[in-house]
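One gets my numbering by counting positions in the sequence shown from 1 and adding 620 to each.
For every residue, glycine included, the Cβ atom is placed at its ideal position computed from N, Cα and C.
Small disclaimer: the values here were computed from a predicted structure and weren't measured.
What follows is a set of notes on a single structure, which appears directly below.
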Amino acid sequence: MVVAGQFQNGALARYPNAVMELAVFALAMGTFGPFRATLNFVSQLSNVFARSPQGQRRTFRFVMLACAVITSLFLVIVLTPVGSWVLGAVYSIEAAVIDRILEYLYYLSPLIFLHGGRQYLLGLLVQSRLTGWVTILNFIYLGTVIAVLLLGFNIGWRPVETLVGAQISGAIVHLMVLYRAKQQLYQLPEAGSTENVSFRALFSFFLPVTTTGVMFAISRPVLYALMARTPDALIGIAAMRVGFDFSFIFQSAANQFRHFFVTFGDDDLRAKQLFMVLVAAGLTLMMLLIAVTPLSHFILSDLIGLKAQVLSMSVDVIGVMCLLPAIIVLRNYYHGLLMHHRKTTGMALGGMLRVAGIYVIASALLSLDHLDHITATFVLLSGFVLETLVVVVAWNRIKPS
621 MVVAGQFQNG ALARYPNAVM ELAVFALAMG TFGPFRATLN FVSQLSNVFA RSPQGQRRTF
681 RFVMLACAVI TSLFLVIVLT PVGSWVLGAV YSIEAAVIDR ILEYLYYLSP LIFLHGGRQY
741 LLGLLVQSRL TGWVTILNFI YLGTVIAVLL LGFNIGWRPV ETLVGAQISG AIVHLMVLYR
801 AKQQLYQLPE AGSTENVSFR ALFSFFLPVT TTGVMFAISR PVLYALMART PDALIGIAAM
861 RVGFDFSFIF QSAANQFRHF FVTFGDDDLR AKQLFMVLVA AGLTLMMLLI AVTPLSHFIL
921 SDLIGLKAQV LSMSVDVIGV MCLLPAIIVL RNYYHGLLMH HRKTTGMALG GMLRVAGIYV
981 IASALLSLDH LDHITATFVL LSGFVLETLV VVVAWNRIKP S
């Protein structure tokens, strides 16, 4: 799924004025991210609560209601002067760039409902341990995105039409095949443990985890907003967009441990801990292999199409991000345990501290004229470290004796 982002960056890198196109897309997706991120934990929600016919119906209705509320708030920003004012205040960019960002946001709005439906169905497939099928269906999504990107670029669509058209087409196809797979392959758990699930229980679980997702999505815009106040801001933002997106391939793998304890329980922790350590080590070695060898230039230059300064700065970002898998696996170990025991408040607090830490540290570096693409990447990692410390404390306070 995340690989699709690399192809989107590659398409933009081949348009005229590629640096501007990458920066506008980075700012648009950074703005859209917090709204989409409110639904990033829906798959965990359905995995936990949709374990009976009644639980599935109630959970699905809750997800659709959440999508409706989020879409309404999003459209208020996109379709009213509020959006222009907020973007101008946050990013300190010219009106022409703001207008292009708002155009992206307008066309991205259907993705909120599509994302919610996909996450709901993904949670059911993971619940049935059909993760092999999840991978197959994700390849179908990737193929659709690539096909539309190639089509749009070659027949002369504008960047916004190509990029958003690819995302929406991929999401629609993915939703359709997910639904088909659920109908054909899904089986309820042997014991339906959520026969009387209530909206209150769903909301109590959902609010903290969605706050966690939003805080993650805000992390990049906070950095972009401060980077926008540095010299050569668009080049730095473009490089960070590419470097973060590429590194997120490995973070996404580590993020799947959020399903780990919900699906397999929290017994035999020693074996599970060893497995997680081995995965973290493997992901780190793969990132290092790419970052310190000519593979980075092959991927970023020959495949994605980056040139000159954006290329070298993106390689710098990926090199620093090699620290990410170990931090994320440790964080998600505690995220998984907290979700398994339905004690998710600590996750929200950790997410909020991460964003606050990123803002404070990055602002201090900006005031000292030391904020650039490398130090900003270290700031992002520092935020994850702060978040991890919070969830460690949260788990130690509630863990069974």
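Query                                                                                                                        : Result
Anticipated Cβ contact below 8 Å, Ile690 with Phe652, distance rounded                                                       : Going by Cβ atoms, the distance from Ile690 to Phe652 rounds to 11 Å, so no, they are not a contact pair.
CB contact flag (Leu958, Val1012, <8 Å)                                                                                      : no
Cutoff 7 Å; reference Ala996; Cβ partners in own chain excluding five residues on either side                                : Leu843, Met847, Met860, Ala982
Chain-order list of residues whose beta-carbon lies under 6 Å from that of Thr620 (same chain, five-residue window excluded) : With the chain covering 621 to 1021 only, the question about residue 620 has no answer from this structure.
Distance CB(Leu745)-CB(Tyr799) smaller than 8 Å                                                                              : no
Classification of Asn1016 by the beta-carbon crowding that lies within 10 angstroms, buried from 16 upward                   : exposed
Identity of the residue in Val717, Val710, Asn816, Gly650 nearest Arg671 by Cα                                               : Asn816
Inter-residue CB distance, Ala858 and Val940 (contact presumed, cutoff 8 Å)                                                  : With a Cβ gap of about 17 Å, Ala858 and Val940 do not count as contacting.
Close-in-space but distant-in-sequence residues of the same chain around Ile1047 (CB under 6 Å, 5 per side omitted)          : Outside the shown range of the chain (621 to 1021) lies residue 1047, about which nothing can therefore be said.
The ligand NAP heavy atom lying under 7 Å from the CB of Phe655                                                              : In the structure shown, the ligand NAP is absent, as is every other ligand, since no ligand is present at all.
Assigned exposure category for Ser818 - 16 Cβ within 10 Å defines buried                                                     : exposed
Counted within 10 angstroms of its Cβ, other Cβ atoms place Val829 as buried (16 or more) or exposed                         : buried
C-alpha distance - Ile978 paired with Thr965, whole-angstrom precision                                                       : 20 Å
CA nearest to the CA of Thr658, picked from Ser1002, Phe1004, Gly971, Phe998                                                 : Gly971
Given Phe773 as reference, the closest of Asn629, Val623, Gly1003 once Cα atoms are compared                                 : Asn629
Three-state class that DSSP yields for Ala891 in the structure shown                                                         : helix
Spatial neighbours of Pro841 in its chain, beta-carbon cut-off 6 Å, leaving aside the 5 residues before and after            : Gly650
Leu731 versus Ser692: straight-line alpha-carbon distance, rounded                                                           : 13 Å
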